[in-house]
Amino acid sequence: MTDVAERLAELRDRGLRRRLRLVEGPQGPRVTLDGRRVLLLCSNNYLGLADHPRVKEAAAEAALRWGAGAGASRLISGNMRPHRRLERRLAAFKGYEAALLFGSGYLANTGTIAALAGRGEGVFSDELNHASIIDGCRLSRAETFVYRHADAEHLAWGLREAGGRGALIVTDGVFSMDGDVAPLAELARLARDHGCRLMVDEAHATGALGPGGRGSVAAAGLSGEVDIVVGTLGKALGSYGAYACANAELSEYLLNAARPFVFSTAPPPPVAAAALAALDLLEAEPRLVERLARNAAALREALVAEGLRPGGAGTQIVPVAVGEASLAMELSERLLEQGVFAQGIRPPTVPEGASRLRLTVMATHEPDELQGAARLVGATARELGLTGAAPPVAPLAA
Ligand SMILES: Cc1ncc(COP(=O)(O)O)c(C=O)c1O
Numbered sequence: 394m395t396d397v398a399e400r401l402a403e404l405r406d407r408g409l410r411r412r413l414r415l416v417e418g419p420q421g422p423r424v425t426l427d428g429r430r431v432l433l434l435c436s437n438n439y440l441g442l443a444d445h446p447r448v449k450e451a452a453a454e455a456a457l458r459w460g461a462g463a464g465a466s467r468l469i470s471g472n473m474r475p476h477r478r479l480e481r482r483l484a485a486f487k488g489y490e491a492a493l494l495f496g497s498g499y500l501a502n503t504g505t506i507a508a509l510a511g512r513g514e515g516v517f518s519d520e521l522n523h524a525s526i527i528d529g530c531r532l533s534r535a536e537t538f539v540y541r542h543a544d545a546e547h548l549a550w551g552l553r554e555a556g557g558r559g560a561l562i563v564t565d566g567v568f569s570m571d572g573d574v575a576p577l578a579e580l581a582r583l584a585r586d587h588g589c590r591l592m593v594d595e596a597h598a599t600g601a602l603g604p605g606g607r608g609s610v611a612a613a614g615l616s617g618e619v620d621i622v623v624g625t626l627g628k629a630l631g632s633y634g635a636y637a638c639a640n641a642e643l644s645e646y647l648l649n650a651a652r653p654f655v656f657s658t659a660p661p662p663p664v665a666a667a668a669l670a671a672l673d674l675l676e677a678e679p680r681l682v683e684r685l686a687r688n689a690a691a692l693r694e695a696l697v698a699e700g701l702r703p704g705g706a707g708t709q710i711v712p713v714a715v716g717e718a719s720l721a722m723e724l725s726e727r728l729l730e731q732g733v734f735a736q737g738i739r740p741p742t743v744p745e746g747a748s749r750l751r752l753t754v755m756a757t758h759e760p761d762e763l764q765g766a767a768r769l770v771g772a773t774a775r776e777l778g779l780t781g782a783a784p785p786v787a788p789l790a791a
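FYI, in the numbering used here the residues of the sequence shown are 394 to 791.
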């Protein structure tokens, strides 16, 4: 047996071996998965824009006009009009002077954090932040203080201990696996008091929270106080890529210092054009955001009626606690057999013992589809002897 085969076997034995499934056709509320029609309850295409005719047309037109790829990094010859247009629109949408595009949210987070903190400085990161933030902290070589989830007092203690070396506080706006919202007002106050920058990742908040879907920072009225807002284009905006919003000076610095921006090919023009069309739709149809919130509430209510206690804070991310990884995957498989595709989430995405079913709703789901799914989740959870309490909040490895 090779060492790799041994590692794969170990992953299998621990219920952690992953495999790809195949979706035919576009990301709608129902998809064909490995040949079967199923209700999709684990896509981040929250507003259904990935399959919107105007978004698809914009991508197709841009491909015809600008080509399929940018051919180089932005700083060489890859800076094209769709990039510039999208950056201006994103900055205006979020209420910032500037926005800078990145190839993905993973790259935006790693690049931005590593550019803003370095050796001898401190980064302060919520224990449930996304892996791309954790990796950004590692790459920065700054000393990382991982504060307890959403615990401003613990963070304040860490900042005091750092004695002025704190460079950056970084948090998810909406936590990707838990669906709750960061205590942004307290974080902003601490950042101000300690002379630190504050960075918020709006991957799951853009298109879902705040006025017109402007995100958790706008919802908290803190656009002027959060130094950097990162967001992805691959979730509610239905395309691919990401952006960092900041003031003009900071943005110019990131353009020079964020390595994934400097050393990576610019996003393809059709991808930027699709995101721009999605942003137009979001601004023209704020009812999409309301519909998403209504659907999230409907699913939560229906799960509660089944005796489950979904976690999160009313957002479109609805976790149902399971515990052991193998049990979470068993629940997910049994639901799939009954036509509901809801992903089981296990380590390393969540801590050991905190595996869960992560249900995500879309604005395009019908309320009766969500109610039917909740009944199946309830019945299947009971078959497996689960109580479905809110997932415990436990730390990930920093
Ligand atoms: C909170 C958060 N940040 C960043 C990312 C990475 O974004 P992307 O998929 O664009 O790389 C994700 C998800 O994938 C996420 O959940």
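We put the CB at the ideal spot given by N, CA and C, even for glycine.
Original post:
Since asparagine 591 sits in a beta bridge, which residues does DSSP pair it with?
Top reply: A small fix is needed here, since residue 591 is leucine in this sequence, not asparagine. Its beta-bridge partners are Ile562.
Original post:
For ligand 1, any of its heavy atoms closer than 7 Å to the Cβ of threonine 838?
Top reply: With the chain covering only 394 through 791, there is no way to say anything about residue 838.
**OP:** Determine the closest residue to leucine 426 out of Thr773, Ser533, Phe734, with distance taken between C-alpha atoms.
**Re:** The residue with the shortest Cα to Cα distance from leucine 426 is Phe734.
Original post:
How about the stretch 688-697 and the stretch 671-680: do they share at least three Cβ pairs that are nearer than 8 Å?
Top reply: The stretch 688-697 is not in contact with the stretch 671-680.
**OP:** Can you tell me which of the three DSSP states leucine 348 falls into?
**Re:** As shown, the chain starts at 394 and ends at 791. That puts residue 348 outside it, with no answer to give.
Original post:
When we look at the beta-carbon of arginine 470 and count the other beta-carbons within 10 Å, is it buried (16 or more) or exposed?
Top reply: Per the sequence shown, residue 470 should be read as serine rather than arginine. Exposed, by the Cβ-count rule.
Original post:
Is it true that the stretch 553-568 meets the stretch 513-523, where meeting means three or more beta-carbon pairs spaced less than 8 Å apart?
Top reply: Segments in contact, yes.
Subject >> Candidates Val754, Leu583, Ile527, of which the one nearest asparagine 438 by Cα >> reply: When Val754, Leu583, Ile527 are compared, the shortest CA-CA separation from asparagine 438 is found for Val754.
Subject >> Inside the stretch 683-720 only - beta strand (DSSP E) runs reaching at least 3 residues >> reply: Fully enclosed beta strand (DSSP E) runs of no fewer than 3 residues occupy 710-716 of the stretch 683-720, in order along the chain.
**OP:** Would you kindly work out how many angstroms separate the C-alpha atoms of leucine 404 and glutamate 717, rounded to a whole number?
**Re:** The straight-line gap from Cα to Cα measures roughly 14 Å.
**OP:** Could you tell me whether the stretch 652-664 touches the stretch 457-472, where touching means 3 or more Cβ pairs closer than 8 Å?
**Re:** The stretch 652-664 makes contact with the stretch 457-472, as at least three CB pairs between them are under 8 Å.
**OP:** Please name the residue, chosen from Val539, Gly557, Arg553, that lies closest to glycine 513 on a Cα-to-Cα basis.
**Re:** Per the Cα distances, Gly557.
Original post:
In chain order, what residues of the same chain lie with their CB nearer than 6 Å to the CB of aspartate 396, ignoring the 5 residues before and after it?
Top reply: Closer than 6 Å at the Cβ level, and outside the excluded window around aspartate 396, lies no residue.
Subject >> Residues sharing a beta bridge with alanine 491, DSSP >> reply: Residue pairing for alanine 491: DSSP places it in a beta bridge opposite Ala639.
Original post:
For leucine 700, which of Gly707, Ala508, Val713, Ala651 has the nearest alpha-carbon?
Top reply: Reading off the sequence shown, one finds glycine at residue 700, where the question assumed leucine. The shortest C-alpha separation from glycine 700 is found at Val713.
**OP:** Spatial neighbours of leucine 500 within its chain, please: CB distance less than 6 Å, with the 5 preceding and 5 following residues excluded, ordered by chain position.
**Re:** Taking C-beta separations shorter than 6 Å and ignoring five residues to either side along the sequence, the partners of leucine 500 in its chain run Pro653, following chain order.
**OP:** Could you give the DSSP three-state label for phenylalanine 486: helix, strand or coil?
**Re:** Note: phenylalanine 486 maps to helix in three-state DSSP.
Original post:
Does DSSP put glutamate 618 in a helix, in a strand, or in coil?
Top reply: The answer is coil: DSSP assigns glutamate 618 none of H, G, I, E or B.
Original post:
So the beta strand (DSSP E) arginine 447 belongs to, where does it begin and stop?
Top reply: Looking at the DSSP string, arginine 447 is not in any beta strand (DSSP E); the run it does join, the alpha helix (DSSP H), is 446-459.
Subject >> Status (buried if at least 16 other CB within 10 Å, exposed otherwise) for proline 703 >> reply: Using a 10 angstroms sphere on the CB of proline 703, the tally of other CB atoms reaches 16 or more, which defines it as buried.
Subject >> Environment of alanine 772 [buried if 16+ CB atoms lie within 10 Å] >> reply: Alanine 772 is exposed by the Cβ-count criterion.
Subject >> Residue burial classification, aspartate 573 (beta-carbon count within 10 angstroms, cutoff 16) >> reply: Label assigned to aspartate 573: buried.
Original post:
From alanine 791 to isoleucine 710, what does the alpha carbon distance come to, in whole angstroms?
Top reply: Only weak support exists for where alanine 791 lies, its pLDDT of 38 falling under 50; the value from the coordinates is given anyway. Rounded to whole angstroms, alanine 791 to isoleucine 710 spans 23 Å at the Cα level.
**OP:** Helix, strand or coil for glutamine 764, going by three-state DSSP, please let me know.
**Re:** Reduced to three states, the DSSP call for glutamine 764 is helix.
Subject >> Residue of Glu730, Arg684, Ser632, Asn649 minimising C-alpha distance to proline 446 >> reply: Selected option, being the one with the closest Cα: Ser632.
Original post:
So, helix, strand or coil for tyrosine 439, using DSSP?
Top reply: Tyrosine 439 carries a coil assignment under DSSP once its states are collapsed to helix, strand and coil.
Original post:
Just to confirm, does asparagine 438 get its C-beta within under 7 Å of one of the non-hydrogen atoms of ligand 1?
Top reply: Checking every heavy atom of ligand 1 against the Cβ of asparagine 438, none is found closer than 7 Å.
Original post:
leucine 615 to glutamine 736, Cα distance in whole Å?
Top reply: Using only the alpha carbons, I get a separation of about 33 Å.
Original post:
How about the stretch 586-600 and the stretch 502-510: do they share at least three Cβ pairs that are nearer than 8 Å?
Top reply: Proximity of the stretch 586-600 to the stretch 502-510 meets the contact definition, three or more beta-carbon pairs being nearer than 8 Å.
**OP:** Report buried or exposed for methionine 473, applying the criterion of at least 16 other Cβ atoms within 10 angstroms of its Cβ.
**Re:** Only buried fits methionine 473, as 16 or more other CB atoms lie within 10 angstroms of its CB.
**OP:** Can you tell me the Cβ-Cβ gap for alanine 668 and leucine 626, rounded? I've got them flagged as a contact below 8 Å.
**Re:** Separation of the CB atoms of alanine 668 and leucine 626 is rounded to 4 Å, and the pair is thereby assigned contact status at 8 Å.
**OP:** Sort Ser644, Ala774, Val610 by Cα distance to alanine 721 and report the nearest one.
**Re:** The shortest C-alpha separation from alanine 721 is found at Ala774.
Subject >> Straight-line Cα distance separating leucine 685 from leucine 672 >> reply: If you draw a straight line from the Cα of leucine 672 to the Cα of leucine 685, it is about 16 Å long.
Subject >> Backbone CA spacing between glycine 496 and glutamate 480 [nearest angstrom] >> reply: Annotation: glycine 496 to glutamate 480 spans about 13 Å, alpha carbon to alpha carbon.
**OP:** Mark glycine 551 as exposed unless 16 or more other C-beta atoms lie within 10 angstroms of its C-beta, in which case mark it buried.
**Re:** Residue burial annotation: glycine 551 is buried, with at least 16 other C-beta atoms found within 10 angstroms of its C-beta.
Subject >> Top-ranked residue by Cα proximity to alanine 706, from Ala455, Val715, Ala689 >> reply: Residue Ala689 is the option with its Cα nearest to alanine 706.
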